[in-house]
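2 protein chains.
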Amino acid sequence: MSKTLTTRKQDYSQWYNELILRGGLADHSAVRGCMVIKPYGYALWENMRDELDRQFKATGHQNAYFPLFIPKSFLSKEAAHVDGFAKECAVVTHYRLKNDPNGKGIIVDPEAKLEEELIVRPTSETIIWSTYKNWIQSYRDLPLLINQWANVVRWEMRTRLFLRTAEFLWQEGHTAHASKEEAIEETERMLDVYANFAEEYMALPVIRGIKSPNERFAGAEETYCIEALMQDGKALQAGTSHFLGQNFAKAFDVKFSTKDNTEEYVWATSWGVSTRLIGALVMAHSDDEGLVLPPKIAPIQVVFVPIYKGPDSKPAIDAKIKELAKQLQAKGVRVKMDLDDAARPGWKFAEYEMQGIPVRIALGARDMENNQVEVARRDTKEKQVMSMDNLDSHIVDLLSAIQNNLFDRAQQFRTAMTTEVTTWEEFVDVLDNKTGFVSAHWDGTPETEEKIKELTKATIRCIPLNNKLEAGKCILTGNPSTQRVLFARAY
Amino acid sequence: MSKTLTTRKQDYSQWYNELILRGGLADHSAVRGCMVIKPYGYALWENMRDELDRQFKATGHQNAYFPLFIPKSFLSKEAAHVDGFAKECAVVTHYRLKNDPNGKGIIVDPEAKLEEELIVRPTSETIIWSTYKNWIQSYRDLPLLINQWANVVRWEMRTRLFLRTAEFLWQEGHTAHASKEEAIEETERMLDVYANFAEEYMALPVIRGIKSPNERFAGAEETYCIEALMQDGKALQAGTSHFLGQNFAKAFDVKFSTKDNTEEYVWATSWGVSTRLIGALVMAHSDDEGLVLPPKIAPIQVVFVPIYKGPDSKPAIDAKIKELAKQLQAKGVRVKMDLDDAARPGWKFAEYEMQGIPVRIALGARDMENNQVEVARRDTKEKQVMSMDNLDSHIVDLLSAIQNNLFDRAQQFRTAMTTEVTTWEEFVDVLDNKTGFVSAHWDGTPETEEKIKELTKATIRCIPLNNKLEAGKCILTGNPSTQRVLFARAY
Numbered sequence: 164m165s166k167t168l169t170t171r172k173q174d175y176s177q178w179y180n181e182l183i184l185r186g187g188l189a190d191h192s193a194v195r196g197c198m199v200i201k202p203y204g205y206a207l208w209e210n211m212r213d214e215l216d217r218q219f220k221a222t223g224h225q226n227a228y229f230p231l232f233i234p235k236s237f238l239s240k241e242a243a244h245v246d247g248f249a250k251e252c253a254v255v256t257h258y259r260l261k262n263d264p265n266g267k268g269i270i271v272d273p274e275a276k277l278e279e280e281l282i283v284r285p286t287s288e289t290i291i292w293s294t295y296k297n298w299i300q301s302y303r304d305l306p307l308l309i310n311q312w313a314n315v316v317r318w319e320m321r322t323r324l325f326l327r328t329a330e331f332l333w334q335e336g337h338t339a340h341a342s343k344e345e346a347i348e349e350t351e352r353m354l355d356v357y358a359n360f361a362e363e364y365m366a367l368p369v370i371r372g373i374k375s376p377n378e379r380f381a382g383a384e385e386t387y388c389i390e391a392l393m394q395d396g397k398a399l400q401a402g403t404s405h406f407l408g409q410n411f412a413k414a415f416d417v418k419f420s421t422k423d424n425t426e427e428y429v430w431a432t433s434w435g436v437s438t439r440l441i442g443a444l445v446m447a448h449s450d451d452e453g454l455v456l457p458p459k460i461a462p463i464q465v466v467f468v469p470i471y472k473g474p475d476s477k478p479a480i481d482a483k484i485k486e487l488a489k490q491l492q493a494k495g496v497r498v499k500m501d502l503d504d505a506a507r508p509g510w511k512f513a514e515y516e517m518q519g520i521p522v523r524i525a526l527g528a529r530d531m532e533n534n535q536v537e538v539a540r541r542d543t544k545e546k547q548v549m550s551m552d553n554l555d556s557h558i559v560d561l562l563s564a565i566q567n568n569l570f571d572r573a574q575q576f577r578t579a580m581t582t583e584v585t586t587w588e589e590f591v592d593v594l595d596n597k598t599g600f601v602s603a604h605w606d607g608t609p610e611t612e613e614k615i616k617e618l619t620k621a622t623i624r625c626i627p628l629n630n631k632l633e634a635g636k637c638i639l640t641g642n643p644s645t646q647r648v649l650f651a652r653a654y
Numbered sequence: 164m165s166k167t168l169t170t171r172k173q174d175y176s177q178w179y180n181e182l183i184l185r186g187g188l189a190d191h192s193a194v195r196g197c198m199v200i201k202p203y204g205y206a207l208w209e210n211m212r213d214e215l216d217r218q219f220k221a222t223g224h225q226n227a228y229f230p231l232f233i234p235k236s237f238l239s240k241e242a243a244h245v246d247g248f249a250k251e252c253a254v255v256t257h258y259r260l261k262n263d264p265n266g267k268g269i270i271v272d273p274e275a276k277l278e279e280e281l282i283v284r285p286t287s288e289t290i291i292w293s294t295y296k297n298w299i300q301s302y303r304d305l306p307l308l309i310n311q312w313a314n315v316v317r318w319e320m321r322t323r324l325f326l327r328t329a330e331f332l333w334q335e336g337h338t339a340h341a342s343k344e345e346a347i348e349e350t351e352r353m354l355d356v357y358a359n360f361a362e363e364y365m366a367l368p369v370i371r372g373i374k375s376p377n378e379r380f381a382g383a384e385e386t387y388c389i390e391a392l393m394q395d396g397k398a399l400q401a402g403t404s405h406f407l408g409q410n411f412a413k414a415f416d417v418k419f420s421t422k423d424n425t426e427e428y429v430w431a432t433s434w435g436v437s438t439r440l441i442g443a444l445v446m447a448h449s450d451d452e453g454l455v456l457p458p459k460i461a462p463i464q465v466v467f468v469p470i471y472k473g474p475d476s477k478p479a480i481d482a483k484i485k486e487l488a489k490q491l492q493a494k495g496v497r498v499k500m501d502l503d504d505a506a507r508p509g510w511k512f513a514e515y516e517m518q519g520i521p522v523r524i525a526l527g528a529r530d531m532e533n534n535q536v537e538v539a540r541r542d543t544k545e546k547q548v549m550s551m552d553n554l555d556s557h558i559v560d561l562l563s564a565i566q567n568n569l570f571d572r573a574q575q576f577r578t579a580m581t582t583e584v585t586t587w588e589e590f591v592d593v594l595d596n597k598t599g600f601v602s603a604h605w606d607g608t609p610e611t612e613e614k615i616k617e618l619t620k621a622t623i624r625c626i627p628l629n630n631k632l633e634a635g636k637c638i639l640t641g642n643p644s645t646q647r648v649l650f651a652r653a654y
């Protein structure tokens, strides 16, 4: 690493962009707003995806795959959905290219115009419910518990790597149920899966809550969400789970015959998380030296860096590193050995700090003599000398300690950055100067929420689940309120 | 199952279509030419994908993800590539929808026209090599061994589920090398991975060969392929691996500095297999009762079907099935238990034959008394009574025997259906009446190959690797030839 990063204090946004690029997670592409996910970033996504997939299957879901394209007319079928999604979309209008008759490369063949335009899916409720109509006839076909891993496109005007890109990768669960109660139970179950995944694997503490009507998914009766806090005091929505009622069943005429042989519309849920989670992960834990990745999902958990003293020392040091690495791998640890003798150790140290590898183990000729290694943890940058004996168990314990420390640190930060306020002045002051989550009374009307957003750019992130009820006065209008809700400026 | 399938003899094509639908692998969608991959079909794809992915990683490759969209001008940059791919494509021309001012739903916003149209990727060489330009400077950056799992779109006019659909899922490897030799070695290595996967996991014997210039990938110097034979005597290309020379490096100006500090263009390969493999699998092994899936990739390897004798018998039989299933699962066997007492065993038997589950185990009250079960294998439909003692080991052996039998059966079929001919009359007679692979002399010219295709619809499937050289005369022109090549009509 030749240059240091812009620091978080200097420019948080610039720090983030540099870090994504220099940490090797992603790159800009030749296509406006679309990113390339680089091998290191993709390996991180694979670890996240595989664990989520395991949890989806453990809760009874199966994967399937639905078309990339959605006929334009489908978007209009659900009244609220059309307002939310029939906006910035990639629209396919033609199906053929041909050579320019004037010899200027290739052009779109004007004769190959589609009768109905196709939209590259921004989300798949419509195409999936048009299919479910053929799959669901009886209560015996329910519940239908399906998930899809896919790419989606939303033509965002202002894009940021991982946080907001025109194309992104995600999963979208789409389930069908015989009763409202069962659908709500499913919505809540998947929110729990997301929350547990964020906390246990990403070391990211999240608030579970429901969205206010203004922030609801277009077409949902209720949107549940998990909200996380970034180091700059802004909130980030890390996952949503929607109870869709019978809206899509009605839009696509999906009915089932009950045990009593009556016909009813099917109840639905949908839920999703995306590569945006990687942005959240980076912004929650990383520091001015580079990425800080939680061990459970880090592509590489331990890197060995030899400290050679002349070429003669290489064979013995390399052999010892390979032996120790093998012991670690036998315990399921993901290990990298950097046995390149062209680069200096100091350069490598900086490089692996940039990449956020949780544990670095350095080993030189002196260490060989003393049967020890130098172990550096990425989260606290503490170094300690460890015996080579039972190194594998000690490293497994250390990885676990790092995972816990990242979570605790983030949770302490969130606690410190959550402020209860009672007046408008306090509210604005906290938003502008302290930042973070602001817990405040709201009169429950969309108008007030909208007005607060206009005045402060803060939105209601969620009404926390199991929220304490208490009488109070709305910070803006002074009207009576029954509970506090969480406001923040957000990504 | 209420109705039997159309048989292969009656109408092979109809049999295939019915089987894909009734076996639960895929469904048609509301979007022309696009299919829905149903959970059972997707589980099959996951098993195939996971094993391929494991082998890609074991050979040093990493996954990454590149944009779905390709700027139109990129397709023109490689001269041969443009002819092959700038044809039937999905073209994105606009990026916004809006409400029709006349109140007729939503329309494409004419003001939101892209400056340059975007093509939904039919393959990703161009977007990837435009990125590699930024990633490759020195020999130290090579080799670059990257794979992508993705969806691609080719606007096919006549589509068939899995075999030819507008959108399909695939993987595409794109590697960059410092020398021609190393790139060719990589091309051949990945062909081997594909061939071994097809034979060991799909039980699908394949011929490894190279394509004639007419059948080469647009932009390749050499296309290697694996070719399989279907039960109707038609060939199917099951995977390709391309040596791209320096064509894409030149088109996108990707140079590297060598150890000697000179600048050279990078050497490239690309290779891919797709969900088309599922079509090959179905057509190679299945029969008139339904799917026949190789145990190694079957989503469910063993299904237990209880034979209840009145409701009183259910608890004891179910308990025994759960016990046996647990033993099998402990050996890594994928098991389903169908403990539904509403459906009749005969109906279930037919259903699981349709789904191609390799082994069915039936268990009734009498079997309980005798400590035995009835085991039916799907490939030969043989039934045998087995003791419950050590059932797990016997089933593991049986699954292995089924896997081997499927391969042997397919290989015997291919041997019987490969015919050497010396005259044009024989050639046409075999193609029309016997079908299968026809091994014949060809004078090596594209013109003759084209003429043969016109006259017979047969194409050169490949020039087998390590082909025996022998002097002969071209079946069409009588001109001298140095070797036989494999012809067939193909999917």
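Chains as they are written, first to last, in the numbering used here: chain A, 164 to 654; chain B, 164 to 654.
Even glycine gets a Cβ: it sits at the ideal position worked out from N, Cα and C.
Just so you know, these numbers come straight off a predicted model, no measurement behind them.
Taken atom to atom, the span from the alpha-carbon of A:Lys472 to that of A:Asn533 is near 16 Å. Listed along chain B, no residue sits closer than 8 Å to A:Thr611 by beta-carbon distance, the nearest being about 28 Å off. Within the stretch 292–304 of chain A, the residues whose Cβ lies closer than 9 Å to some Cβ of chain B are Ser293, Thr294, Asn297, Trp298, Arg303, listed in chain order.
As the crow flies, the alpha-carbon of B:Ile626 is around 13 Å from that of B:Asp606. Counting of Cβ neighbours within 10 angstroms places A:Thr286 among the buried residues, the total reaching 16 or more. For A:His340, the pairing in a beta bridge is given by DSSP as A:Trp430.
A distance of 9 Å or more separates the beta carbons of A:Leu184 and A:Ala366. Separation of B:Lys296 and B:Thr289 (C-alpha to C-alpha, rounded to the nearest whole angstrom) is 11 Å. When the Cα atoms are used, B:Met393 and B:Met580 turn out to be separated by approximately 10 Å. Taking a Cβ-Cβ threshold of 8 Å, the residues of chain A close to B:Trp318 are Tyr258, Arg259, in chain order. Assigned with DSSP and collapsed to three states, B:Met531 falls in helix. DSSP, read as helix, strand or coil, puts A:Arg212 in helix. In the three-state reduction of the DSSP assignment, B:Lys511 falls in the helix class, which pools H, G and I. Using a Cβ-Cβ distance cut-off of 8 Å, the stretch 340–347 of chain B and the stretch 193–212 of chain B are not in contact, since fewer than three pairs of beta carbons, one from each stretch, lie closer than that value. Chain A has no Cβ within less than 9 Å of the Cβ of B:Met549. Shortest Cα-Cα distance from A:Leu168 to any of A:Thr586, A:Gln409, A:Met517 involves A:Met517. In chain order, Asn630, Leu632 place their CB closer than 6 Å to the CB of B:Gln646, counting only its own chain and leaving out the 5 sequence neighbours on each side. Around A:Lys494, the same chain offers Asp555, Val559 as residues with beta carbons nearer than 7 Å, after the five sequence neighbours per side are excluded. Bounds of any beta strand (DSSP E) do not take in A:Val593, whose DSSP letter is neither H nor E.
For B:Met353, the closest Cβ of chain A is not nearer than 9 Å.
Taking B:Val648 as reference, the option from B:Ser550, B:Leu456, B:Leu407, B:Glu390 with the minimal CA-CA separation is B:Glu390. Sequence-distant Cβ neighbours of A:His224 in its own chain, meaning closer than 6 Å and more than five residues away, are Leu308, Asn310. Residues of chain B with a Cβ closer than 9 Å to the Cβ of A:Lys235 are, in chain order, Leu260, Gly268, Ile269, Ile270, Val271. Cβ-Cβ separation between A:Ala525 and A:Ile484: approximately 10 Å, too far for a contact (criterion under 8 Å). Counting along the chain, A:His224 sits inside no beta strand (DSSP E), nor does DSSP assign it H or E at all. Assignment of A:Leu561 by DSSP, reduced to helix, strand and coil, places it in the helix class. B:Ala431 is outside the set of residues whose beta carbon lies under 9 Å from a beta carbon in chain A. Using beta-carbon distances, B:Lys201 counts as an interface residue toward chain A, with a partner under 9 Å. Under the criterion of beta carbons closer than 8 Å, A:Glu330 and A:Cys197 qualify as touching, at roughly 5 Å. If you draw a straight line from the Cα of A:Gly442 to the Cα of A:Asn180, it comes to about 10 Å. A straight line joining the alpha-carbon of B:Leu324 with that of A:Glu612 spans about 50 Å.
A direct Cα-Cα distance of roughly 14 Å separates B:His340 from B:Lys413.
An exposed status is given to A:Arg217, since fewer than 16 other beta-carbon atoms sit within 10 Å of its beta-carbon. The DSSP-derived three-state label of B:Glu241 is coil.
The beta carbon of A:Thr256 lies closer than 7 Å to those of Lys276, Leu277, Glu280 in the same chain, with the five residues before and after it left out. For A:Phe419, there are no C-beta contacts with chain B under 8 Å, since the nearest C-beta of that chain is about 17 Å from it.
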